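Residues 249 to 754 in my numbering are what the sequence shown lists, from first letter to last.
Note that CB positions come from ideal geometry on N, CA and C, so glycine has one too.
Computed from a predicted structure; not experimentally measured.
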Amino acid sequence: MIALGSLLNVNSIGVVVALLVVTTTYWKWKYQYWKRRNVPYLEPRIPFGNMEEVIRGKQLLGIRLAEIYKEMKSKGWRHGGIYTFTRPIYIVLDLDYVRNVTTKDFKYFMDRNVFVNEREPLQAHLLNLSGTRWKNMRGKLTPTFSSGKVKAMFQVMAESENELQQKMYQEYKKNQPIDIKEILACFTTNVIGTCAFGLDCQALEDEDSPFRVFTRNIFVTTRLESFKRLLSVTFPLVAKLINLKFSLKENVDFVMKMVQDTIDYRKKNNYTRKDFMQLLINLKDADGDGHNRGSISMDELASQVLVFFAAGYETSSTLMTFALYELARHEDIQEKLRREINSVLEQHNGQMTYDSIQDMKYLSQVIDETLRMHSPAAQLSRTCIKDYKLPDQDVIIEKGTTVIIPVMGIHYDEEYYPEPEKFDPERFTDENKKSRPNYTFMPFGEGPRNCIGMRFGLVQSKMGVVSLLKDYKLTVNKKTIEPLYYSPGHLFLSAEGEIWLDAEKI
Ligand code: HEM
């Protein structure tokens, strides 16, 4: 018996050793990919490649990519290769290459590297769609986001500004440090709720309203969610094979019902409103049955509603939070901006209008500098959809390769932004902007696949900043962890421990 036992032990050890050898050899062979393709690369480590800290949930992806950018740039590279597990990722540094990928040779890099489960409802939205389906949908939705449409939506948006004021006043009266992101998140929930879902703001006041429950659900980043995201971008084939699902059934049912109810209500009561929902309903009705060219189906309509919400809510509240944080740290800049706000509002009879916000030039500079330092989306991603030969090198980027533009790395590159850690809105005067090369500022992405909601996001963020700054003087409370540290568990930039401000009424 003993002899059989030890034989089995020896055998199992043998199997484990053989497996280890095979796996290591496979990994090592995989890690030859960039060398074979003649692309300089950072040395990967088995098994995580160059992304160990990110995969272990210890570092935000955008920050790791900024480190990678810096390391590659210091070696004088114009591009380079890395690995996530065994998956090769192509990193673009040179601004001409950035232009080629995002704009000039866009037809090779049209898609994002997301796995889309076509069998799931609410997945047919712009962020996800690829190829011709994306192109058609983008074409249909582009007019919805024109400056004229956003201007017309301003009044609907402004209804939420009163609530922001009320909420801020309640917090101010408590005489406690203020979690500013929380207040701003309520504001953007209201704005997007009212503009995308067509809800009246009152519906949002109740903490336990179905809408609030939904918004809490949609942004939970559990370990399982993070793992699913990682799996879907690293091994999309496996994700497809196991029919990986992302949407919670409750969320799907909720969105579908809310959209249907809103449409029915508007039809029945012949009611229209200048909001996204109406523009989408008009598109759906354009050619009758929702399947002809020029129109969209019910699932497509509901998908856009969902993505306007998902893409518009967190990004804008993040932008406002960091803008107010930087203003709270820099009293002189805050004062200068307040003087501009007061003077422009005076010229507009004290009214905050679309035009008055456009007249605030220094506000734009402050917002741009915030977006440079704390870009909510810290990287752009594309997938190469057909083999692409670099115009000036003997290198071919293969179909299916994930391409990343490390926006945060570029935004902190000393060559373009001396003293990058310094918050300095003067970098964004018209003159200084002209002195920098193109593609050095990309908070909304670039090219035909850039952010469709940029104007809307900027207007709502500026509205929030103006609204709070005109009535309150802000300073940083010591509860804020400084220097700031971006928490790893989030999709967008978010300060670990939150940002806490003190407010003094003016
Ligand atoms: C400050 C606010 C915002 C920031 C910083 C931001 C940033 C971005 C970025 C970086 C992208 C990727 C662009 C690329 O890959 O080149 C993007 C895409 C997108 N954004 Fe925004 N966004 C903001 C607000 C909004 C708002 C308010 C909406 C909608 C109401 C929106 C809807 C979208 C959509 C639908 C896409 C996908 C576009 C496509 O693939 O065709 N975003 N956004």
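Helix or strand or just coil, what does DSSP make of residue i?
i	result
Tyr665	coil
Tyr420	helix
Arg293	strand
Lys721	strand
Leu343	helix
Ala266	helix
Asn540	Any reading at Asn540 must be qualified, since the residue scores a pLDDT of 44, below 50, and its modelled position is unreliable; the value itself is stated next. Correct three-state label for Asn540: coil.
Leu370	coil
Ser260	helix
Ala626	coil
Thr688	coil
Ser591	helix
Ser395	helix
Arg577	helix
Leu716	helix
Val614	helix
Asp353	coil
His659	helix
Tyr519	coil
Could you check if residue i belongs to the surroundings of the ligand HEM, using beta carbon to heavy atom distance under 6 Å?
i	result
Ala626	no
Ala550	no
Ser564	yes
Cys699	yes
Val614	no
Arg386	yes
Pro691	yes
Phe740	no
Gly324	no
Leu375	yes
Ala559	yes
Glu704	With the sequence shown as reference, residue 704 is identified as Phe, and Glu is not the correct amino acid for it. Phe704: yes, Cβ under 6 Å from the ligand HEM.
Leu191	Here the chain has residues from 249 to 754 only, and residue 191 is not among them.
Leu611	no
Leu412	no
Leu572	no
Leu567	yes
Could you tell me which residues DSSP puts in a beta bridge with residue i?
i	result
Glu411	None; Glu411 has no bridge partner.
Gly329	Tyr289, Tyr338
Ile426	Leu749
Thr650	Ile337, Thr631
Ala743	Tyr734
Lys637	Ile644
Asp359	Thr631
Are residue i and residue j close, meaning C-beta to C-beta below 7 Å?
i	j	result
Leu732	Ala751	no
Glu662	Pro668	yes
Ile700	Phe393	yes
Leu375	Met385	no
Glu574	Phe671	yes
Pro369	Val507	no
Thr350	Gly695	yes
Leu215	Pro639	Any property of residue 215 remains undetermined from this structure, which presents the chain solely from 249 to 754.
Arg577	Val724	yes
His257	Thr650	Residue 257 is actually Asn in this sequence, not His. In this structure, Thr650 does not lie closer than 7 Å to Asn257 by Cβ.
Tyr331	Asn298	yes
Cys434	Met401	no
Glu746	Lys306	no
Gly441	Leu447	yes
Met320	Gly328	yes
Phe363	Ser480	yes
Assuming residue i and residue j are in contact, meaning their beta carbons sit under 8 Å apart, how far apart are those beta carbons, in whole angstroms?
i	j	result
Leu528	Leu554	Contact flag wrong, Cβ pair sits at about 11 Å.
Leu628	Ile653	4 Å
Met711	Met405	7 Å
Gln708	Thr436	7 Å
Tyr417	Ile645	Rounded, the Cβ-Cβ distance is 54 Å, inconsistent with contact.
Ser551	Gln424	About 40 Å; that fails the 8 Å criterion.
Leu343	Ala626	At roughly 18 Å, the Cβ-Cβ gap does not stay under 8 Å, so Leu343 and Ala626 are not in contact.
Ala534	Ser545	At roughly 12 Å, the Cβ-Cβ gap does not stay under 8 Å, so Ala534 and Ser545 are not in contact.
Leu593	Val614	That belief does not hold up - the Cβ atoms of Leu593 and Val614 are roughly 16 Å apart, past 8 Å.
Met525	Phe445	6 Å
Phe740	Glu562	5 Å
Leu619	Val714	So it is not a contact: roughly 17 Å between Cβ atoms.
Lys421	Thr334	Going by Cβ atoms, the distance from Lys421 to Thr334 rounds to 56 Å, so no, they are not a contact pair.
Leu308	His738	7 Å
Pro295	Trp275	7 Å
Is there at least one non-hydrogen atom of the ligand ADP closer than 6 Å to the beta-carbon of residue i?
i	result
Phe556	Among the ligands present in this structure, namely the ligand HEM, the ligand ADP is not found.
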